[in-house]
Amino acid sequence: ARNVRDYASFRTMRQGAAADEDAIVRLRGVAPLAVRGGTTDLATIWELFHRGEYFSENPIRPRTVLDLGANIGSFLAFIVARAGDILEHYVAVEADAGSHAALAGQIDRMQLNDRVTLLHAAAWGHDGLVSFADSGPEWGRSVVAGGGAEVEALRVDSILDRAGMDTCELVKMDIEGGEDDVLPGLATWADRVEVLTVELHGQPDSWLREMVEAAGFRYLARGQFFRHHPTAIREDVVDKWVTAGGEALSR
Numbered sequence: 409a410r411n412v413r414d415y416a417s418f419r420t421m422r423q424g425a426a427a428d429e430d431a432i433v434r435l436r437g438v439a440p441l442a443v444r445g446g447t448t449d450l451a452t453i454w455e456l457f458h459r460g461e462y463f464s465e466n467p468i469r470p471r472t473v474l475d476l477g478a479n480i481g482s483f484l485a486f487i488v489a490r491a492g493d494i495l496e497h498y499v500a501v502e503a504d505a506g507s508h509a510a511l512a513g514q515i516d517r518m519q520l521n522d523r524v525t526l527l528h529a530a531a532w533g534h535d536g537l538v539s540f541a542d543s544g545p546e547w548g549r550s551v552v553a554g555g556g557a558e559v560e561a562l563r564v565d566s567i568l569d570r571a572g573m574d575t576c577e578l579v580k581m582d583i584e585g586g587e588d589d590v591l592p593g594l595a596t597w598a599d600r601v602e603v604l605t606v607e608l609h610g611q612p613d614s615w616l617r618e619m620v621e622a623a624g625f626r627y628l629a630r631g632q633f634f635r636h637h638p639t640a641i642r643e644d645v646v647d648k649w650v651t652a653g654g655e656a657l658s659r
């Protein structure tokens with residue numbers, strides 16, 4: 409409750425939006441966030457701002473961000489609240505049509521159209537088209553065989569190229585198992601990324617560690633950089649992202 413700015417938002421967070429009721433959640437220090445009634449939108453906000461899944465003791469003020477699985481824009485609001493005018497370019501990639509539309513509305517309300525590139529696509533291991541689930545809980549929809557929708561699939565380097573982003577300081581990846589297809593190609597775009605944080609769906613953390621260390625990154629376990637998700641920092645920029653006395657990053 410200490411993060412909620414008004415009673416209506418507190419009630420929404422405690423009770424959840426009714427099945428047919430949209431709502432606006434206002435949190436201290438964060439742009440108002442619109443949630444769609446009867447969806448998992450509120451749960452994504454709860455995870456991020458109440459449970460603090462991306463809380464970090466290290467300074468997180470990136471100039472460039474690639475958000476793979478951007479959902480309705482909660483992470484965008486989180487980053488803007490911390491980076492402010494330092495943020496120059498944010499690339500938001502979302503495959504679900506409904507969440508993509510909600511994200512577009514959020515970007516417009518935050519007046520960030522000049523700093524955000526929005527793509528309706530799925531991050532994947534190859535460019536082309538993929539089958540995507542268009543039913544079930546919104547925050548868990550993913551690329552699946554026999555899905556009800558067909559969406560564009562893009563490699564990470566293709567996304568960066570399309571957005572006109574040569575290099576990216578922070579990549580957040582939450583693509584509901586799609587990391588299994590995307591991360592084996594990490595070596596082809598590792599030199600364009602400084603920090604990578606991944607929400608894993610089924611794979612053990614050791615799988616990610618092996619993958620990132622082979623590509624020249626320093627692996628950080630959950631809680632060493634972001635509270636709930638493992639992270640990797642490219643070895644040549646570790647000092648840039650770690651506060652003085654960051655013993656957690658020592659080998």
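Mind the numbering: the sequence shown is residues 409 to 659 in this note's numbering, read in order.
C-beta: ideal position from N, C-alpha, C; glycine also.
Nearest residue (CA-CA) to GLU618, options ALA640, ALA561, GLY610: ALA640
Coarse secondary structure for HIS636, derived from DSSP in three states: HIS636: coil per DSSP, three-state reduction.
For VAL564, the nearest candidate out of LEU591, SER543, ALA505, PHE540 (CA to CA): Comparing alpha carbon positions, the residue from LEU591, SER543, ALA505, PHE540 closest to VAL564 is LEU591.
Segment contact, 8 Å Cβ cut-off, at least three pairs: the segment 590 to 610 with the segment 554 to 561: no
Contacting residues, own chain, Cβ-Cβ under 6 Å from ASP582 (five flanking each side not counted): GLY477, GLU607
Straight-line Cα distance separating GLU461 from TRP454: 9 Å
Alpha-carbon spacing of HIS508 relative to THR605, whole angstroms: A straight line joining the alpha-carbon of HIS508 with that of THR605 spans about 21 Å.
Alpha helix (DSSP H) segments (min. 4 residues) lying fully within the segment 462 to 529: 482 to 491, 505 to 517
Distance CB(LEU495)-CB(PRO467) smaller than 8 Å: no
Neighbour-count burial assignment, ALA629, 16 or more Cβ in a 10 Å radius: Exposed, because fewer than 16 other Cβ atoms sit within 10 Å of the Cβ of ALA629.
For ALA442 and TYR415, the rounded distance between their alpha carbons: Interpretation of TYR415 is limited by its pLDDT of 40, a score under 50 that renders its predicted location unreliable; the figure taken from the coordinates is listed afterwards. Using only the alpha carbons, I get a separation of about 16 Å.
DSSP three-state assignment for THR605, whether helix, strand or coil: strand
SER550 in three-state terms, based on DSSP: Residue state, collapsed to three classes: coil.
First and last residue of the uninterrupted beta strand (DSSP E) at GLU560: 557 to 562
The alpha helix (DSSP H) enclosing MET573, as first and last residue numbers: It is not in any alpha helix (DSSP H) - MET573 carries neither H nor E in the DSSP assignment.
Span separating the alpha-carbon of ALA531 from that of VAL501: Each residue's Cα considered, the two are about 7 Å apart.
CA-to-CA distance, TYR627 to LEU511, given in whole angstroms: 31 Å
Beta-carbon proximity check, PHE486 vs ASP475, cutoff 8 Å: no
Per DSSP, the bridge partner or partners of PHE625: DSSP output for PHE625 lists ARG642 as bridge partner(s).
Residue(s) in a DSSP beta bridge with PHE540: DSSP, once it has assigned bridges, lists VAL551, ALA557 as partnering PHE540.
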